[in-house]
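To start, the structure itself, in structure tokens.
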Ligand SMILES: [Zn+2]
Ligand SMILES: [Zn+2]
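Residue numbers (this note's numbering): 160 to 333.
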């Protein structure tokens, strides 16, 4: 998430398969925005995937530099609100089976997303799991500027995707 410095340990685990690209059927190969090689062991990047009723409806991987550029488009107030929300509600890493903010178990019929900060083939930090309810609550009162910036980002980089989603309602976990 925004403002958190990467601090990979010496023995970080590899990126789990659940965070591989459904589209590429393997690890995300490159940054969605600039095309940077994400398999490079020195490259930091952010993965975000959303499941709905067991199906991946949204996925993306962007390098840390592009993520920072994107976050600059968001209003400061929105970012602070969202960071505060996640900071205050974070209950710790409960594995990949439950929301890390409300503790509810993930339902295979429900919607949830997993975000992770990675470096090459490895996790730079433990993945973060957010259920749809918590993601919606975090984004409830984001500014129009931030919603528009995010909607533009999705439209420019993911034309036609995700299906059934309004661009500016795609949850984000920068
Ligand atoms: Zn990039
Ligand atoms: Zn939740």
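Glycine included, each C-beta is placed from N, C-alpha and C at the ideal position.
query: Measuring CA to CA, which of 205, 237, 204, 282 is closest to residue 303?; result: 237
query: Report yes if the CB atom of residue 226 is closer than 8 Å to the CB atom of residue 205, and no otherwise.; result: yes
query: Using the beta-carbon of each residue, find all residues closer than 6 Å to any heavy atom of ligand 2 and list them in chain order.; result: 258, 260, 261, 263, 290, 292, 293
query: If I follow the unbroken beta strand (DSSP E) through residue 205, where does it start and stop?; result: 203-211
query: Under 7 Å from any heavy atom of ligand 1, does the C-beta of residue 283 make it?; result: no
query: For ligand 1, which residues have a Cβ under 5 Å from at least one heavy atom, in chain order?; result: 190, 192, 193, 195, 222, 225
query: In angstroms with no decimal places, state the Cα-to-Cα distance between residue 190 and residue 222.; result: 5 Å
query: Would you give the residue range spanned by the beta strand (DSSP E) that residue 182 belongs to?; result: Looking at the DSSP string, residue 182 is not in any beta strand (DSSP E), and its letter there is neither H nor E.
query: For the alpha helix (DSSP H) containing residue 264, name the first residue and the last one.; result: From DSSP, residue 264 is part of no alpha helix (DSSP H); its letter is neither H nor E.
query: Taking the C-alpha atoms as reference points, what is the distance between residue 297 and residue 235?; result: 15 Å
query: State buried or exposed for residue 286, treating a residue as buried only when at least 16 other CB atoms are found within 10 Å of its CB.; result: buried
query: Helix, strand or coil, according to DSSP, for residue 315 in the structure here?; result: helix
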